[in-house]
Amino acid sequence: MRILGIDPGLQVCGYACVETDGGQEAVIEAGVLRTTHGLPIEIRLNEIAMDMESLLARLTPNVVAVEEIYSHYAHPRTAILMGHARGVILQKCARAHIEVKSFAATRIKKSLTGHGRASKEQMQRTIQTILALPELPSPPDVADAMAAALCCANALNRDLTTR
465 MRILGIDPGL QVCGYACVET DGGQEAVIEA GVLRTTHGLP IEIRLNEIAM DMESLLARLT
525 PNVVAVEEIY SHYAHPRTAI LMGHARGVIL QKCARAHIEV KSFAATRIKK SLTGHGRASK
585 EQMQRTIQTI LALPELPSPP DVADAMAAAL CCANALNRDL TTR
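Residue numbering for the sequence shown is 465 to 627, as defined by our numbering.
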């Protein structure tokens, strides 16, 4: 099964495609999608839409795991902009008939480290260990996307074993 993890953002979206066989995960591809700074928001959202279409067609995931937006941001404008990007991502998944699973950041962290308030560095080290990566996943947007994909894999594996 292929899981595409997405860390939504207006400036930078992290993505990571992970393949799982029910317990062993491997990274197929990971990176960031960047929008053009200074352009109007509608153009930047269209850039995200086109990049998502390309990713979904090329990587053919079975499911897309996206981090939920939490409501207590220190900067509400950031949450709104992230929400716009997340909406475009969800719409492109729906159009491609790909199932979406949403996970709270605390659930993602707890799934991988056992602690819902793990630091970025702790998350990066855990992901490096789980996926046997030669170095820490970077930038943090990529690590967050990998974490979303791994959390989804854990949830799907748990669902299969409880049936």
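In this text, a Cβ means the ideal position worked out from N, Cα and C, and glycines have one as well.
Keeping to the same chain, check which residues put their C-beta closer than 7 Å to that of G473; ignore five residues upstream and five downstream. The residue labelled residue 473 in the question sits at position 9 within the sequence shown. Sequence-distant Cβ neighbours of G473 in its own chain, meaning closer than 7 Å and more than five residues away, are M546, A549, D605.
What is the C-beta distance between L614 and V482, in whole angstroms, given that I count them as a contact (C-beta under 8 Å)? Walking along the sequence shown from the start, residue 614 turns up at place 150. Walking along the sequence shown from the start, residue 482 turns up at place 18. Contact between L614 and V482 is confirmed by a C-beta separation of about 7 Å, below the 8 Å threshold.
Tell me whether Y534 is buried or exposed, calling it buried when 16 or more other Cβ atoms sit within 10 Å of its Cβ. The residue labelled residue 534 in the question sits at position 70 within the sequence shown. Under this definition Y534 is an exposed residue.
Boundaries of the alpha helix (DSSP H) in which S575 is found, first to last residue: The sequence position of residue 575 within the sequence shown is 111, counting from 1. Membership of S575 in the alpha helix (DSSP H) is indicated by the continuous run 569-577.
Under three-state DSSP, which class holds A524? As a working note, residue 524 is residue 60 in the sequence shown. Checking the sequence, you will find Thr at residue 524 rather than Ala. In this structure, T524 counts as coil in the three-state DSSP scheme.
What would DSSP say about A596, mapped onto helix, strand or coil? Start at 1 with the first residue of the sequence shown, and residue 596 comes out as number 132. Look at A596 here: in three-state DSSP terms it is coil, with no helix or strand label.
Please name the residue, chosen from A617, A568, S583, G580, that lies closest to I594 on a Cα-to-Cα basis. As a position in the sequence shown, residue 594 is number 130, starting the count at 1. Comparing Cα-Cα distances from I594 to each of A617, A568, S583, G580, the minimum goes to A617.
Report the three-state DSSP secondary structure of R498 (helix, strand or coil). Position 34 of the sequence shown, counting from 1, holds the residue named residue 498. Strand, per DSSP.
Which residue from A543, Q475, H561, H579 puts its Cα closest to that of T524? Here residue 524 refers to the residue found at position 60 when the sequence shown is read from its first residue. Comparing Cα positions, the closest option is H561.
According to the neighbour-count rule (16 or more other Cβ atoms, all chains shown, within 10 Å of its Cβ), is D608 buried or exposed? As a working note, residue 608 is residue 144 in the sequence shown. Counting Cβ neighbours within 10 Å, D608 comes out buried, since at least 16 surround it.
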